[in-house]
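A.B. asks:
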Amino acid sequence: MGIFDKIKSAIWGEAKAAEAPPTATPTTAGTAPTSAPSSTPPATSAPASTTAASPVDIASILDAAVKKSGQKLDWKHSIVDLMKALGMDASLTERKELAQELGYAGDAGDSAKMNIFLHKALLKKLSDNGGKVPADLLD
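For the numbering used here, add 86 to where a residue sits in the sequence shown, where the first one is 1.
And the structure:
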């Protein structure tokens, strides 16, 4: 699995965890459930494809990840902070691998330039893959 796939899995995994329905419904103590036999078939849930097609709110997931990390991270401007917020290794080696995946043609030794490219390219690719990214971060 490539670095982009790890980032995408981390974000989409958080999105699924956030929208997961409760596993059990609480009942009032001392009350017996009232269910009568019914000839009506049970209601079915929406098809999985509908859920999968809904965009994943990248900003809210990354904001929550930063808060959960307890660190002061600026994922909106830093690829390193974005990766750290997701609990990933943000080493130069990992970023160089991500640069290869995203088609960086510049000098990998110029980490500042590469990081700017990575941040923009990553957010664009997340958007292309069904992520809802704030428009001002896609410029």
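Note that beta-carbon positions come from the ideal geometry of N, C-alpha and C, so glycine has one too.
Quick caveat, the model's predicted, so the values are computed rather than measured.
1. So, under 8 Å CB-CB, Ile144 and Val219 are touching, yes? Tell me the CB distance rounded to an integer number of Å.
2. Considering only C-alpha positions, which residue in the set Leu223, Asp91, Lys94 and Met87 is nearest to Asp160?
3. Three-state secondary structure (DSSP) at Gly217?
4. Thinking C-beta only, is Ala176 closer than 7 Å to Ala151?
5. Threshold first: 4 residues or longer. Then list the alpha helix (DSSP H) segments lying entirely within the stretch 146-211, N to C.
6. May I ask you to report which of helix, strand or coil DSSP gives Asp91?
7. Could you please give me the residues that DSSP links to Asp143 through a beta bridge?
8. How many angstroms separate the CA atom of Lys182 from the CA atom of Phe203?
9. Using CA atoms only, rank isn't needed, just tell me which of Lys162, Ile93, Ala194 and Gly192 is closest to Asp225.
C.D. replies: Quick answer:
1. 5 Å
2. Leu223
3. strand
4. no
5. 165-171 and 178-187
6. helix
7. Lys218
8. 11 Å
9. Lys162
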